[in-house]
Each structure stands twice: as C-alpha cells, then as structure tokens.
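Asks:
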Amino acid sequence: MMPMLKAIETKGLTKVFRSGLSMKPLLALSNLSLSVESGTIFGFLGPNGAGKTTTIKLLTGLIHPTSGSAFIFGKSVQNITSREKMGFLPERPYFYEYLTGLEFLHFCGQLFGFSRSTRDKKIDALFELVQLKGSEKIQMRQYSKGMLQRIGLAQALFNDPELVIMDEPMSGLDPIGRKEVRDIILHLKDEGKTVFFSTHILSDAELICDEVAILIQGELRNQGRLERLLNPKIKSIDLCLKGISKEMCRKIKTMTSSLAVHGETVLISVENEHRLEKLLAWVAVQKAQVISITPRKETLEDLFLEESKVGVKS
Amino acid sequence: MKAIRAIAVNTFREAVRNKILYSLVFFALVMMLFSLVLDQATVGQRNKIIKDLGLGSINIFGVIIAIVVGINLVYKEIEKRTIYPILAKPVRRSQFLIGKYFGILLTLAVEMLFMSSFLFLLVLFYEGVFDAHLPLALFMIFIELAVVSAFAIFFSSFSTPFLSGMFTFAIYVIGHLTSYLQEFGANTGSAVLKHLTTFFYYVLPNLERFNLKAEAVYQLPIESGRIVLSLLYAFLYIVMVLTLSVLSFERRDFK
Chain A
17 MMPMLKAIET
27 KGLTKVFRSG
37 LSMKPLLALS
47 NLSLSVESGT
57 IFGFLGPNGA
67 GKTTTIKLLT
77 GLIHPTSGSA
87 FIFGKSVQNI
97 TSREKMGFLP
107 ERPYFYEYLT
117 GLEFLHFCGQ
127 LFGFSRSTRD
137 KKIDALFELV
147 QLKGSEKIQM
157 RQYSKGMLQR
167 IGLAQALFND
177 PELVIMDEPM
187 SGLDPIGRKE
197 VRDIILHLKD
207 EGKTVFFSTH
217 ILSDAELICD
227 EVAILIQGEL
237 RNQGRLERLL
247 NPKIKSIDLC
257 LKGISKEMCR
267 KIKTMTSSLA
277 VHGETVLISV
287 ENEHRLEKLL
297 AWVAVQKAQV
307 ISITPRKETL
317 EDLFLEESKV
327 GVKS
Chain B
194 MKAIRAIAVN
204 TFREAVRNKI
214 LYSLVFFALV
224 MMLFSLVLDQ
234 ATVGQRNKII
244 KDLGLGSINI
254 FGVIIAIVVG
264 INLVYKEIEK
274 RTIYPILAKP
284 VRRSQFLIGK
294 YFGILLTLAV
304 EMLFMSSFLF
314 LLVLFYEGVF
324 DAHLPLALFM
334 IFIELAVVSA
344 FAIFFSSFST
354 PFLSGMFTFA
364 IYVIGHLTSY
374 LQEFGANTGS
384 AVLKHLTTFF
394 YYVLPNLERF
404 NLKAEAVYQL
414 PIESGRIVLS
424 LLYAFLYIVM
434 VLTLSVLSFE
444 RRDFK
C-alpha cells in the first residue's frame, strides 16, 4: 500500500516581513516544520501574534515564504493545483457586502468552474449544512458575525475539499455559535476530511482536536497527539473545607504550600493522594467539614502557559 | 476562463450596485443638456455644440469612472480581505487581475452605451440624421478608456487608491500632451533633457491618437489606416501594462 500523503507538510518554513521606510525586518515565522496526517482534526495554537495567521496565509498562497517550503497533499503551495482539494475560512471573514449569500456562493462555484445545475444542487445542500436556509436572498451587508462565519464555511466547503483550513473559526462567536462550528468540524472528520484550524481558545481545541501544535513567537514549541502532550496523571487535588479556625490554618500551612481563605471556606491544594489521605485524616480528627475534593489533571491551558513561559525566558 | 468571467461579471455587478456611478452618469447627461442652453447664444452652430459638448462630457466622465472604479478595484479587495477566499481557491492571481480588468471594461462599455444613446437622441432630434463619424469617435473614446483603466489597475496593484488616482490622472493628462513633450525637449537644447523627454515620449501612452472629436464635430475625413494603427497601438499598450501589473501582483504579500 502506498503511504498516505500528509495533508499538510512544511519544511523549514520561514517568513520575514519588511515594513516601513527603514524596511526593518520582522521575523513572523521561523523554521516551521510541521506535518498534519490526513483525516485528523489539527489544532494550531498560540497567543496573538505568534504567527498562526502567517502560517495559514503561507499555506493558502496569500503570501510567499522567505525560505522553506510547504506542501498540501504532496503539492507545493506555490502551485495553484495544491488548492484544488483545499477549503479556506479566513479570520473574521468578510465578503462582498453588495452580494446576497446566494449570489456569493454562485460566484464561488463559478470560480471552480461548476455548471449552473451542479451549483444549484451544491448551494442548496450547503445552506442546509450551515443552517442559513431562509437567508439566501439577503445582502451580506445585513449578515451578523455568526452568519458571515457560516457563509464563510459554506464557501470553504464548496469544492468538497479533503482539507479545510480555518483561521480562528470560533473567535467572536457566542457559545452556541462555537458549538455549531465544533459540530461542523466533527462532521467533516466523520466524512474523512482533515481539518486544520488555529485558535487561542484552548477549551475548543481540547474538546475536538486529535493533535495540536503550539506556536509561540514564530517558533513551534510542541507538536503531538493531545493525550501524549498532556500528562494524564493527576497534577494536584483541590480540597474545599469549612469550619477551620485560624489555629488550624496555621497547622495546614505546614502540610501544604497552597491555601486560600474565602470567608468561611478554605481552599487547599495538595500534590498527591498520599498527602490527601494524611490531610483528610487530620481534618476528621478536627471535626472540620469537607465540602469538595477535586482532582486536577493537566489541561491544554497548563501546557500552553508552560510553553509561553519558556518563550518569554528565551 | 470561467474564473476570469466570474470575476469580471462580479466586478461589473459591484460597479452597478455602487451609487457613485449613477451620479457620475447623471452629471454627464446634465452636461449634454447644457449644450442646448449654450445653443441659444450661438446661432446656427447647434449641432456642432451638441456633438462637441456631448463627446467631451462622455470622455471626461468616462475617464473619471475608469479612474474611480479602477483604483478601488484591487485595493478594496485587499483592504476588506475579500480577495482571500478567492486566491485560496485554484484561481491564479493573473486570472483575478484580468477578470477585474474585463469587469471594468464591461462597466465602461455599458455606461458609454447609455450615454452615447442619449447623445444620439439629441443629435437625431436636432439634426435629423447622423453620420458614421460620431459612433467612430465614441468607439475611440472607449479605446482610450481601456488604456486608462489598464493604468489604473497597474497602479492599484501596488499602491493606495489616492496615489493610484493621482498617477492615473497624471498619465491621462500627460498622455494628451506627449507630442508637446518631445517638442519641448528638442527646443531646450540640453542633450540630457532631450533624451529624457524622448524616453517619456515613447514610454507614456499617446492618448491624442484616440481623439477623433474634431473630426466628428467638423466632419473631417478619417483615414482607416490611422484607426487600425491606433487599435493595434492600444492593444499592445494594454497587454504591456497588464503584464507589468500581473508581475507586480504575483510577488505581492497580502498581509
């Protein structure tokens, strides 16, 4: 069997922008080597200004690399045929405001060279998928942010792409809108497609991504399957207690470094189960009340913060 | 080819749904009607005045429309990021730019047809007949607009609308004065200046070639050879300017 082509592969991708009269160079992306397996949902994470949009623009051919190369299903992004199997949803999408949603999708279909009847069929299905039925004949200047995002998704899916690239698809949406976008991404995965999206909303990535990459200050910090990147072991245990005297607080401080008092309740964090047992035994003797015990696993947020710290130090 | 057509039709649609275009056309029509007032002051010259003012206003408002539409075409697409989803599809940047160019030609053609019919009606009403000179002069105005639009696209492929507008308008003005440019250089006596003006004479378009207004107004003979040469000249010029536009556009980063 032939080895499966990577949906996205970049080798030493670097972009330096020059701006202003002085042409001062700005390193936006440095030596990015990334590979995205086909059929996965890939989260591209990083704080604002990390180079996520720069990478996506390089992949979609909107900007040219300073050095390095990038491939979509084995085809160089410099070659426009690499975009045949690709769909792209830009960040905060904005489309021709003087067109209706229907006219816009027809225009997109014409760009791919689809015939009128094919376009009609596809457009009908797309409006259904992105739940814009009934808004086809409204000019897009009247579309809300959420509706623009949806028509953006529809145009990105017109050619039934194998790979869908989305730049911050959930930003600016309310929780319901975010869930709808997540559902569409999962639906695309079910159809065997690859989804590559950038985000700084970590919970969204954690919910649906198979694999993530973390980009900080133009450099790739970490890449891998979520379960491998995140430590599955319990990181700490949070304990909430009631009926603790000041005297007891002092005693607890000798057992753990983390203690916070909120009115009557006291929040304590312990490192492991062994310590928890000791503390609970002591609490039982003191006749204090245990309100809750919450084990904390490492989250994407922890990993992200850790990587960011390394970034700041270096 | 289908992509170019889609982009051209969309560009036309954008222009048609833009209110500025209508006000410009409206002003052109007002200018033509003004010729009827002027006519009161000049006995017996009615037809000449109608044709002269009519051709003049169609020309100048055509140029304004070509510049206003042309300089915004590419800039707005980048500024509003509407170009992103298009170029992320298998569409070449050259196809995009050429589509835009045909879109503006289509807009100008429709606008000119509209204004020309108005002029024809005026001439027909006051003269009863009209000769072949008038449509020919109008056609050559359209060719001139095609050249000016190519420049508008060229400048807007790398600069802001304001600068593109200034540059394109400068090209239009200088384009009508190139013959003076050469004369001026020859008369100064400075070798450097002479070479410089000769250089510009050949590089800049000679838009006077497309000016048949006097011939149409005064019924002067028009050689067919001149028309053919002018068309060839315009064609080569447009191809050259669009090629340069594509080359600069291909290299551009859409930040």
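Protein sequences, first through last, are from chains A and B. Each residue of the first sequence is one higher than the one before, counting from 17 in this note's numbering. Each residue of the second sequence is one higher than the one before, counting from 194 in this note's numbering. C-beta: ideal position from N, C-alpha, C; glycine also.
Grab me the residues of glycine 84 (chain A)'s own chain with a C-beta within less than 6 Å of its C-beta, minus the 5 sequence neighbours each way, in chain order.
Replies: Position 68 of the first sequence, counted from the first residue, corresponds to residue 84 (chain A). These residues qualify, in order along the chain: Lys27, Gly28, Leu29, Thr30.
Asks: Between arginine 169 (chain B) and glutamate 207 (chain B), what straight-line distance do the alpha-carbon atoms span, to the nearest angstrom?
Replies: Only positions 194 to 448 of chain B appear in this structure, which leaves residue 169 (chain B) out of reach.
Asks: Sorted by chain position, which residues of the same chain lie with C-beta nearer than 7 Å to isoleucine 268 (chain A)'s C-beta, five sequence neighbours on each side aside?
Replies: Along the first sequence, one-based indexing puts residue 268 (chain A) at 252. Here the set comprises Leu275, Ile284.
Asks: By the 7 Å beta-carbon criterion, what residues does the segment 269-287 of chain B contribute toward chain A?
Replies: Against chain A - using a Cβ distance shorter than 7 Å - the residues of the segment 269-287 of chain B are Lys273, Arg274, Thr275, Tyr277, Pro278, Ile279, Leu280, Ala281, Lys282, Pro283, Val284, Arg285.
Asks: Terminal residues of the continuous beta strand (DSSP E) containing alanine 44 (chain A)?
Replies: The residue labelled residue 44 (chain A) in the question sits at position 28 within the first sequence. Residues 40-52.
Asks: Quick one: which residues of the segment 89-108 of chain A get their C-beta closer than 9 Å to a C-beta of chain B? List them in chain order.
Replies: Answer in chain order: Ile96, Thr97, Ser98, Arg99, Glu100, Met102, Gly103, Phe104, Leu105, Pro106, Glu107, Arg108.
Asks: Return the first residue and the last residue of the beta strand (DSSP E) that lysine 258 (chain A) is part of.
Replies: Within the first sequence, residue 258 (chain A) is the residue found at index 242, counting from 1. Its beta strand (DSSP E) spans residues 250-258.
Asks: From the DSSP output, read off the bridge partner residues of methionine 182 (chain A).
Replies: Taking the first sequence and counting its residues from 1, one reaches residue 182 (chain A) at position 166. For methionine 182 (chain A), which the question treats as bridged, DSSP gives the partners A:Leu105, A:Phe213.
Asks: Buried or exposed, going by whether 16 or more other CB atoms sit within 10 Å of the CB of serine 98 (chain A)?
Replies: Mapped onto the first sequence, residue 98 (chain A) falls at position 82. It is buried - the Cβ of serine 98 (chain A) has at least 16 other Cβ atoms within 10 Å.
Asks: Who are the neighbours of phenylalanine 447 (chain B) on chain A, taking C-beta pairs under 8 Å?
Replies: Locating residue 447 (chain B) in the second sequence gives position 254, counting from the first residue. The contacting residues are Lys73, Leu78, Ile79.
Asks: Is there a Cβ from chain B that is less than 8 Å from the Cβ of tyrosine 159 (chain A)?
Replies: Reading the first sequence from its first residue, position 143 is the one you call residue 159 (chain A). No, tyrosine 159 (chain A) lies away from the interface with chain B (no Cβ there is under 8 Å from its Cβ).
Asks: Can you list, in chain order, the residues of its chain with a C-beta nearer than 7 Å to that of lysine 149 (chain A)? Leave out the 5 residues immediately preceding and following it.
Replies: Residue mapping note: residue 149 (chain A) aligns to position 133 of the first sequence, counting from 1. So the qualifying residues of the chain are Phe143.
Asks: When you compare each of B:Ser287, B:Lys244, B:Ala330, B:Lys241 to arginine 445 (chain B) by their alpha carbons, which one comes out closest?
Replies: For the purposes of this step, residue 445 (chain B) is identified with residue 252 of the second sequence, where counting begins at 1. Closest option to arginine 445 (chain B), Cα to Cα, is B:Ser287.
Asks: Tell me the rounded alpha-carbon separation between valine 421 (chain B) and valine 340 (chain B).
Replies: On the second sequence, residue 421 (chain B) is found 228 positions in, with the first residue counted as 1. On the second sequence, residue 340 (chain B) is found 147 positions in, with the first residue counted as 1. About 16 Å.
Asks: Thinking C-alpha only, which one of B:Phe254, B:Gly368, B:Ser383, B:Glu270 is nearest leucine 78 (chain A)?
Replies: Here residue 78 (chain A) corresponds to residue number 62 of the first sequence, with the count starting at 1. Comparing Cα-Cα distances from leucine 78 (chain A) to each of B:Phe254, B:Gly368, B:Ser383, B:Glu270, the minimum goes to B:Glu270.
Asks: Report the three-state DSSP secondary structure of isoleucine 243 (chain B) (helix, strand or coil).
Replies: Position 50 of the second sequence, counting from 1, holds the residue named residue 243 (chain B). It is helical.
Asks: State the CB to CB distance for the pair isoleucine 251 (chain B) and isoleucine 336 (chain B), rounded to an integer number of angstroms; the pair is presumed to be in contact (CB under 8 Å).
Replies: In the second sequence, counting from the first residue as 1, residue 251 (chain B) sits at position 58. In the second sequence, counting from the first residue as 1, residue 336 (chain B) sits at position 143. Actually they are not in contact, since the Cβ atoms of isoleucine 251 (chain B) and isoleucine 336 (chain B) sit about 13 Å apart, beyond 8 Å.
Asks: Rounded to whole angstroms, what is the Cα-Cα separation between threonine 69 (chain A) and phenylalanine 60 (chain A)?
Replies: Sequence index remark: in the first sequence, residue 69 (chain A) carries index 53 (1-based). Sequence index remark: in the first sequence, residue 60 (chain A) carries index 44 (1-based). Computed Cα separation, rounded: 10 Å.
Asks: Output yes if chain A places a C-beta closer than 8 Å to the C-beta of alanine 207 (chain B); else output no.
Replies: Translated into the one-based positions of the second sequence, residue 207 (chain B) becomes position 14. Note on residue identity: the sequence assigns glutamate, not alanine, to residue 207 (chain B). Answer yes: the Cβ-Cβ gap between glutamate 207 (chain B) and chain A drops below 8 Å somewhere.
Asks: Hey, does alanine 259 (chain B) have any beta-carbon neighbour from chain A nearer than 8 Å?
Replies: Sequence index remark: in the second sequence, residue 259 (chain B) carries index 66 (1-based). Chain A contact via Cβ: absent.
Asks: Secondary structure at glycine 263 (chain B), three-state DSSP: helix, strand or coil?
Replies: Here residue 263 (chain B) refers to the residue found at position 70 of the second sequence. Note: glycine 263 (chain B) maps to helix in three-state DSSP.
Asks: What does the Cβ neighbour count give for valine 301 (chain A), buried or exposed, with the cut at 16 atoms within 10 Å?
Replies: The residue given as residue 301 (chain A) occupies position 285 in the first sequence. Its Cβ having fewer than 16 others within 10 Å, valine 301 (chain A) is exposed.
Asks: Name the two residues that bound the continuous alpha helix (DSSP H) containing isoleucine 279 (chain B).
Replies: Position 86 of the second sequence, counted from the start, is the residue given in the question as residue 279 (chain B). Taken as a continuous stretch (DSSP letters only), the alpha helix (DSSP H) holding isoleucine 279 (chain B) covers 276-280.
Asks: So for glutamine 239 (chain A), helix, strand or coil by DSSP?
Replies: Looking up residue 239 (chain A) in the first sequence gives position 223. Of the three classes helix, strand and coil, the one that applies to glutamine 239 (chain A) here is strand, per DSSP.
Asks: Going along the segment 121-154 of chain A in order, which residues come within less than 9 Å of chain B, judged by CB to CB distance?
Replies: Flagged, chain order: His122, Phe123, Cys124, Gly125, Gln126, Leu127, Phe128, Gly129, Phe130.
Asks: Using the rule of at least 16 other Cβ atoms within 10 Å of the residue's Cβ for burial, across every protein chain shown, is arginine 166 (chain A) buried or exposed?
Replies: Position 150 of the first sequence, counting from 1, holds the residue named residue 166 (chain A). Buried, because 16 or more other Cβ atoms sit within 10 Å of the Cβ of arginine 166 (chain A).
Asks: Please check if any C-beta of chain A sits within less than 8 Å of the C-beta of asparagine 265 (chain B).
Replies: As a first step, residue 265 (chain B) must be located in the second sequence, where it is residue number 72. Chain A contact via Cβ: absent.
Asks: Scan the segment 224-236 of chain A for residues whose Cβ lies nearer than 8 Å to a Cβ of chain B and list them as they occur along the chain.
Replies: Within the segment 224-236 of chain A, no residue has a Cβ that lies closer than 8 Å to any Cβ of chain B.
Asks: How is the alpha helix (DSSP H) around leucine 400 (chain B) delimited, first residue to last?
Replies: The sequence position of residue 400 (chain B) within the second sequence is 207, counting from 1. Leucine 400 (chain B) -> no alpha helix (DSSP H), and no H or E assigned at all.
Asks: One question on the structure: do alanine 343 (chain B) and leucine 266 (chain B) come within less than 8 Å of each other, judged by their Cβ atoms?
Replies: As a position in the second sequence, residue 343 (chain B) is number 150, starting the count at 1. As a position in the second sequence, residue 266 (chain B) is number 73, starting the count at 1. Contact flag unset, no.
Asks: Can you give the Cα-Cα distance for histidine 80 (chain A) and glutamate 443 (chain B), rounded to whole angstroms?
Replies: Along the first sequence, one-based indexing puts residue 80 (chain A) at 64. Along the second sequence, one-based indexing puts residue 443 (chain B) at 250. Those two C-alpha atoms are separated by around 10 Å.
Asks: Beta carbons nearer than 7 Å to chain B: which residues of the segment 171-191 of chain A have them?
Replies: So the close ones are Gln171.
Asks: So, tyrosine 365 (chain B) versus leucine 400 (chain B), is the Cβ gap smaller than 8 Å?
Replies: Here residue 365 (chain B) refers to the residue found at position 172 when the second sequence is read from its first residue. Here residue 400 (chain B) refers to the residue found at position 207 when the second sequence is read from its first residue. It is a contact, given that the beta carbons lie within the stated cut-off.
Asks: Whole-angstrom Cβ separation of proline 106 (chain A) and proline 328 (chain B), contact assumed at under 8 Å?
Replies: Start at 1 with the first residue of the first sequence, and residue 106 (chain A) comes out as number 90. Start at 1 with the first residue of the second sequence, and residue 328 (chain B) comes out as number 135. Actually they are not in contact, since the Cβ atoms of proline 106 (chain A) and proline 328 (chain B) sit about 46 Å apart, beyond 8 Å.
Asks: Got a sec? Which residues, its chain only, sit under 8 Å from serine 349 (chain B) by beta carbon, not counting five neighbours each side?
Replies: Taking the second sequence and counting its residues from 1, the one referred to as residue 349 (chain B) is at position 156. For serine 349 (chain B), where only same-chain residues beyond five positions count, the Cβ hits under 8 Å are Gly263, Ile264, Asn265, Leu266, Val267, Tyr268, Ser357.
Asks: What residue range is occupied by the uninterrupted alpha helix (DSSP H) comprising leucine 424 (chain B)?
Replies: Counted from its first residue, the second sequence places residue 424 (chain B) at position 231. Element bounds for leucine 424 (chain B): 417-444.
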